[in-house]
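Peer 1: Chains as they are written, first to last, in this note's numbering: chain W, 126 to 240; chain P, 2 to 115.
Structure incoming, see below.
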Amino acid sequence: QKEVEQNSGPLSVPEGAIASLNCTYSDRVSQSFFWYRQYSGKSPELIMSIYSNGDKEDGRFTAQLNKASQYVSLLIRDSQPSDSATYLCAVRVAAGGTSYGKLTFGQGTILTVHP
Amino acid sequence: DGGITQSPKYLFRKEGQNVTLSCEQNLNHDAMYWYRQDPGQGLRLIYYSQIVNDFQKGDIAEGYSVSREKKESFPLTVTSAQKNPTAFYLCASSLQGRRANEQFFGPGTRLTVL
Chain W
126 QKEVEQNSGP LSVPEGAIAS LNCTYSDRVS QSFFWYRQYS GKSPELIMSI YSNGDKEDGR
186 FTAQLNKASQ YVSLLIRDSQ PSDSATYLCA VRVAAGGTSY GKLTFGQGTI LTVHP
Chain P
2 DGGITQSPKY LFRKEGQNVT LSCEQNLNHD AMYWYRQDPG QGLRLIYYSQ IVNDFQKGDI
62 AEGYSVSREK KESFPLTVTS AQKNPTAFYL CASSLQGRRA NEQFFGPGTR LTVL
């Protein structure tokens, strides 16, 4: 079982719809969760971080975390063609009480928003 | 402007050669990281460094080496021992503490072995 799993897609949604991206993780002691957006040929860009159960909203983006079920999701409201990209889920597990914990990435979900 | 720079953007290497990828940041971040990305895959950690003169192996360190002589710089050498080095290489940096893993990435170096 992979540590962080995402459906590779592609996920195709019409412009204006809600895009829902999901991520599951295997390690129950995971503490921090991140969503990165990566346009083709470019580097990842951090768009959301979430640390506690529940929802976190930032503009058109909402991250949802459920530690009991070990999943984290990203909702994109009013999807635009410019949202077409690969979305990477990343999970941090604390390492021995130090301030650093390894960040593990999923393989990414390709999102296509069509006009 | 604060940020992370990587050079070169594209790099071609002949088999048997060592090459060094540059990564510089002026964000005053303590921690720096090197990742490799292959097509259709996520990022895999090669090496990371929390402080100057200290670094640790990640998941796929074989065939790579790093140094951290300055806080701002974390160069990666891809040695001839790396059997399949063609990939997109990404450097990242972060603060320490709770925000340690809000990592910010440079633009990347695309390495191709001829």
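Glycine is no exception: its CB is placed at the ideal position from the N, C-alpha and C atoms.
Just to confirm before moving on: does the CB-CB distance between W/GLY292 and W/GLN163 stay below 8 Å?
Peer 2: No answer is possible for residue 292 of chain W: the residues shown for chain W start at 126 and end at 240.
Peer 1: State the CB to CB distance for the pair P/ILE5 and P/PHE89, rounded to an integer number of angstroms; the pair is presumed to be in contact (CB under 8 Å).
Peer 2: Looking up residue 5 of chain P in the second sequence gives position 4. Looking up residue 89 of chain P in the second sequence gives position 88. With 8 Å as the limit, P/ILE5 and P/PHE89 do not qualify as a contact, their Cβ atoms being about 15 Å apart.
Peer 1: In whole angstroms, give me the CA-to-CA distance for W/SER224 and W/PRO135.
Peer 2: As a first step, residue 224 of chain W is located in the first sequence; it is residue number 99 there, counting from the start. As a first step, residue 135 of chain W is located in the first sequence; it is residue number 10 there, counting from the start. Here W/SER224 scores only 46 on pLDDT, less than 50, and its place in the model should not be relied on; the value that follows carries that caveat. Answer to the nearest angstrom: the Cα atoms are 36 Å apart.
Peer 1: What residues in its chain sit with their C-beta under 7 Å from that of P/TYR11, if we drop five residues either side in the sequence?
Peer 2: Here residue 11 of chain P refers to the residue found at position 10 of the second sequence. Counting only Cβ-Cβ distances below 7 Å, and skipping sequence neighbours, we find ARG111.
Peer 1: W/GLU170 lies in the beta strand (DSSP E); which residues open and close that run?
Peer 2: Here residue 170 of chain W corresponds to residue number 45 of the first sequence, with the count starting at 1. Element bounds for W/GLU170: 170 to 175.
Peer 1: Alpha carbons only, please: which of P/LEU22, P/ILE61 and P/ILE52 is nearest the one belonging to P/HIS30?
Peer 2: Stepping through the second sequence from its first residue, residue 30 of chain P is reached at position 29. Nearest of P/LEU22, P/ILE61 and P/ILE52 to P/HIS30, Cα basis: P/ILE52.
Peer 1: Measure how close the beta-carbons of P/GLU16 and P/SER74 come, nearest whole angstrom, since I'm counting them as under 8 Å.
Peer 2: Start at 1 with the first residue of the second sequence, and residue 16 of chain P comes out as number 15. Start at 1 with the first residue of the second sequence, and residue 74 of chain P comes out as number 73. 28 Å between Cβ atoms; not a contact.
Peer 1: Which first and last residues belong to the beta strand (DSSP E) in which W/GLU182 is found?
Peer 2: On the first sequence, position 57 is the one that residue 182 of chain W refers to. Start and end: 179 to 183.
Peer 1: Provide the residue(s) that pair with W/ALA188 in DSSP beta bridges, ordered along the chain.
Peer 2: On the first sequence, residue 188 of chain W is found 63 positions in, with the first residue counted as 1. DSSP lists W/LYS181 and W/LEU199 as partners of W/ALA188.
Peer 1: Counting only runs that start and end within the region 5 to 36 of chain P, where is the alpha helix (DSSP H) found for 4 or more residues in a row?
Peer 2: Complete alpha helix (DSSP H) runs here, min 4: none at all.
Peer 1: Please decide whether W/SER224 counts as near chain P, where near means a Cβ-Cβ distance under 8 Å.
Peer 2: Residue mapping note: residue 224 of chain W aligns to position 99 of the first sequence, counting from 1. Note on W/SER224: pLDDT 46, under 50, position unreliable in the model; no value is reported.
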